[in-house]
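Comments concern the structure below.
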Amino acid sequence: RIGSASSLSSAVINTRLQELVRLFKERTEKVKEKLIDPDVTSDDESPVASPTKPAPAAAPVPAPGGELEGDKPLGDDHYCEMLCCTFKHRPWLARLKSYQFPSSIDPLTNLMYVLWLFFVVMAWNWNCWLIPVRWAFPYQTPANIHYWLLVDYLCDLIYLLDILIFQTRLQFVQGGDIITDKKAMKENYLRSQRFKMDVLCLLPLDFFYFKVGVNPLLRFPRCLKYMAFFEFNNRLEAILTKAYIYRVIRTTAYLLYSLHVNSCLYYWASAYEGLGSTTWVYDGEGNSYIRCYYWAVKTLITIGGLPDPKTLFEIVFQLLNYFTGVFAFSVMIGQMRDVVGAATAGQTYYRSCMDSTIKYMNFYKIPRTVQNRVKTWYEYTWHSQGMLDESELLVQLPDKMRLDIAIDVNYNIVSKVALFQGCDRQMIFDMLKRLRSVVYLPNDYVCKKGEIGREMYIIQAGQVQVLGGPDGKSVLVTLKAGSVFGEISLLAAGGGNRRTANVVAHGFANLFILEKKDLNEILVHYPESQKLLRKKAKKMLKSNNKPKDEKGGPGDPLIIPPRADTPKLFKAALAATGRMGGKGALGRLRWRLKELKAMQE
Numbered sequence: 001r002i003g004s005a006s007s008l009s010s011a012v013i014n015t016r017l018q019e020l021v022r023l024f025k026e027r028t029e030k031v032k033e034k035l036i037d038p039d040v041t042s043d044d045e046s047p048v049a050s051p052t053k054p055a056p057a058a059a060p061v062p063a064p065g066g067e068l069e070g071d072k073p074l075g076d077d078h079y080c081e082m083l084c085c086t087f088k089h090r091p092w093l094a095r096l097k098s099y100q101f102p103s104s105i106d107p108l109t110n111l112m113y114v115l116w117l118f119f120v121v122m123a124w125n126w127n128c129w130l131i132p133v134r135w136a137f138p139y140q141t142p143a144n145i146h147y148w149l150l151v152d153y154l155c156d157l158i159y160l161l162d163i164l165i166f167q168t169r170l171q172f173v174q175g176g177d178i179i180t181d182k183k184a185m186k187e188n189y190l191r192s193q194r195f196k197m198d199v200l201c202l203l204p205l206d207f208f209y210f211k212v213g214v215n216p217l218l219r220f221p222r223c224l225k226y227m228a229f230f231e232f233n234n235r236l237e238a239i240l241t242k243a244y245i246y247r248v249i250r251t252t253a254y255l256l257y258s259l260h261v262n263s264c265l266y267y268w269a270s271a272y273e274g275l276g277s278t279t280w281v282y283d284g285e286g287n288s289y290i291r292c293y294y295w296a297v298k299t300l301i302t303i304g305g306l307p308d309p310k311t312l313f314e315i316v317f318q319l320l321n322y323f324t325g326v327f328a329f330s331v332m333i334g335q336m337r338d339v340v341g342a343a344t345a346g347q348t349y350y351r352s353c354m355d356s357t358i359k360y361m362n363f364y365k366i367p368r369t370v371q372n373r374v375k376t377w378y379e380y381t382w383h384s385q386g387m388l389d390e391s392e393l394l395v396q397l398p399d400k401m402r403l404d405i406a407i408d409v410n411y412n413i414v415s416k417v418a419l420f421q422g423c424d425r426q427m428i429f430d431m432l433k434r435l436r437s438v439v440y441l442p443n444d445y446v447c448k449k450g451e452i453g454r455e456m457y458i459i460q461a462g463q464v465q466v467l468g469g470p471d472g473k474s475v476l477v478t479l480k481a482g483s484v485f486g487e488i489s490l491l492a493a494g495g496g497n498r499r500t501a502n503v504v505a506h507g508f509a510n511l512f513i514l515e516k517k518d519l520n521e522i523l524v525h526y527p528e529s530q531k532l533l534r535k536k537a538k539k540m541l542k543s544n545n546k547p548k549d550e551k552g553g554p555g556d557p558l559i560i561p562p563r564a565d566t567p568k569l570f571k572a573a574l575a576a577t578g579r580m581g582g583k584g585a586l587g588r589l590r591w592r593l594k595e596l597k598a599m600q601e
């Protein structure tokens, strides 16, 4: 028992002494490394992003009855059943009572204001389309007059609410500041041209109904609210992803409206001459609006095949129709061409670039395989990104907006790169603006072993394979999205800037490229991050330069592994015990070690 206890204590002492020796060696290596390279700092000096403090939770507010909100019975909750799910919601009456209309409205970004403009434009279209119809055609009769008047005054109410509630709350910019003061917003609207037109379109000419009857032409000033229509177009195009579709629809509506007005004028001219009085006028058979609209289409588009006018009035009317039709139709065609051209401008640029490249390759007789790869690159880059060069799209934006877009697009990928973890956050933001996106085709060499490395790569999408082995074609590892490679050549100095392996794109790969000169320009302003990256680069070089045996890789197999050397501190303790003539556990251990040494010799 005494022998087993002494051996156990000796093993504990031996383990502790070996741990102390290992700690001393690590500390010595750190001090030696700092003396050799002063730029290397300790891990504690690495800049670390400060953690964001969570917002303090709001204290529960007691209800008037003395109970907390969380203590209310479940019976007060309201639920809505939809399909297989049950959603908790507040009763609509309570939501309506608690809603507060905003004191100021941003006309550029507020979607509620765009929705309100939609209702204003619908009321404006009612007046623009139906006032000519009610004036020319006999569709407004005493039997249905109350329906027409009901919708008319509903549109007038929308006009009035737009003036009193919405237009007086619109924010505006003055001297670079966004003005949100109620009095200032109201005065700005009252001084504007918009207010004058809004008041003019609400002239109360309806009082003349009592003298001349319900004449729709008295409501013609309601069509002067055209500024709301153009403002709605601008706001809607700003929020649509494919605004050109709306532009095509709007241009088509212009053409249809011109034909609509011409058909109303033709029926009025026919009624003035007398329905069926000549072969040129409308004969009064069939649907009057459809037949007059058909005549207007043939006239404005100058198809021909119309009966010749007989009277002077008919000749003058027809001449004006022809002149107006040629002018209006040419304007509509030109505007439609501009809309379609703007919608396909990117596609046209892509086709132009590809055609120029193909012409160049054919002129110099480039091999067909290379031409096919170039065509494939053009097609994949265009279909995946919608453009050939992302930098051309952002070159007109200010620096701050380019940074905001770069953060939203690339920050999630770059922030996960282990190399840049712990670096200054602003340095990463500056680096995001220097990243350049490049597409590689399947089996394209991203970099080759031995070449000079002037950039590093971050995988945005796709995969790349690191090749090695005796033939240089064995796949060592496959890197996926978010991985980084080439950083050793970028950060190393003095002969370490050569590529250490071949990297090939496995399928289509979209990579971010950061050039060495761009990184050096950024690190000048961030010395702490520069020290941290330099330290990480040296560690990577050391780990790559270690022999395989030292890393625990396959080496020469040993039947009997070598015995670890006795720590120097433990030897000193044993020697001191021998000189003092100790007979304790250390003394017995010293005697045992002598016997083992003699046996080995």
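Quick note on numbering: UniProt numbering labels position 537 of the sequence shown as 537, and the sequence is numbered without any gaps.
Using N, Cα and C, we set each Cβ at its ideal position, and we do this for glycine too.
Apart from sequence neighbours up to five positions away, the residues of its chain that approach GLN465 with a beta-carbon distance below 6 Å are VAL475, THR478, VAL504 and HIS506, ordered along the chain.
Straight-line spacing of the CA atoms in VAL120 and TRP148 works out to 18 Å. In the three-state reduction of the DSSP assignment, CYS292 falls in the helix class. Between the stretch 528-543 and the stretch 420-438, the count of C-beta pairs closer than 8 Å reaches three or more; the two stretches touch. Excluding residues up to 5 positions away in sequence, ILE131 lie with their Cβ nearer than 6 Å to the Cβ of ARG219 in the same chain.
Closest option to PRO307, judged by alpha-carbon separation, among VAL326, SER258, VAL281 and ALA328: VAL281.
Beta-carbon to beta-carbon, LEU511 and TYR457 are separated by about 5 Å, close enough to satisfy the 8 Å threshold. Taking 4 residues as the shortest admissible run, the stretch 114-166 contains the following complete alpha helix (DSSP H) segments, listed from N- to C-terminal end: 145-161. A straight-line Cα-Cα distance of about 33 Å links ARG235 and CYS353. Its chain contains LEU218 as the residues whose beta carbon lies nearer than 7 Å to that of ASP206, once the 5 sequence neighbours on both sides are disregarded; these appear in chain order.
Under the rule that a run must span 4 or more residues, the alpha helix (DSSP H) segments found entirely inside the stretch 468-532 read 487-491 and 516-523.
Judged by DSSP in its simplified three-state form, TYR440 adopts strand. PHE172 is bridged by DSSP to ILE179. When the beta-carbon positions are compared, PHE329 and THR302 come within less than 9 Å of each other.
In the assembly as shown, PHE230 is an exposed residue. Its beta-carbon has fewer than 16 other beta-carbons within 10 Å.
In this structure, GLY486 is the residue among PHE429, CYS201 and GLY486 with its C-alpha nearest to the C-alpha of LYS449. Distance from the CA atom of ALA501 to the CA atom of ILE452, rounded to whole angstroms, is 12 Å. In the three-state scheme derived from DSSP, where H, G and I count as helix and E and B as strand, CYS447 is classed as strand.
Boundaries of the alpha helix (DSSP H) harbouring ALA328: 312-343, taken from the DSSP string. Distance from TYR159 to ALA123 at the Cβ level is roughly 7 Å; contact confirmed, criterion being Cβ atoms closer than 8 Å. In this structure the stretch 280-296 lies against the stretch 309-319, because at least three pairs of beta carbons, one per stretch, are closer than 8 Å. Residue range 368-385 is occupied by the alpha helix (DSSP H) that includes TYR380.
The way I'd put it, the stretch 185-202 does touch the stretch 165-176; three or more beta-carbon pairs between them come closer than 8 Å.
Secondary structure note for LEU259: its alpha helix (DSSP H) is the uninterrupted segment 243-273. For LEU150, the closest C-alpha among the options ALA418, PRO398, ARG498 and VAL214 is that of VAL214. Contact between the stretch 408-415 and the stretch 369-381 is absent: fewer than 3 CB-CB pairs across the two stretches fall below 8 Å. Taking 9 Å as the cut-off, the Cβ atoms of ARG454 and LYS517 count as close. Contact between the stretch 356-366 and the stretch 283-293 is absent: fewer than three C-beta pairs spanning the two stretches fall below 8 Å.
According to the DSSP secondary-structure assignment, ILE459 is paired through a beta bridge with LEU511.
For a cut-off of 8 Å, the C-beta gap from TYR244 to VAL339 is around 6 Å, short enough to register as a contact.
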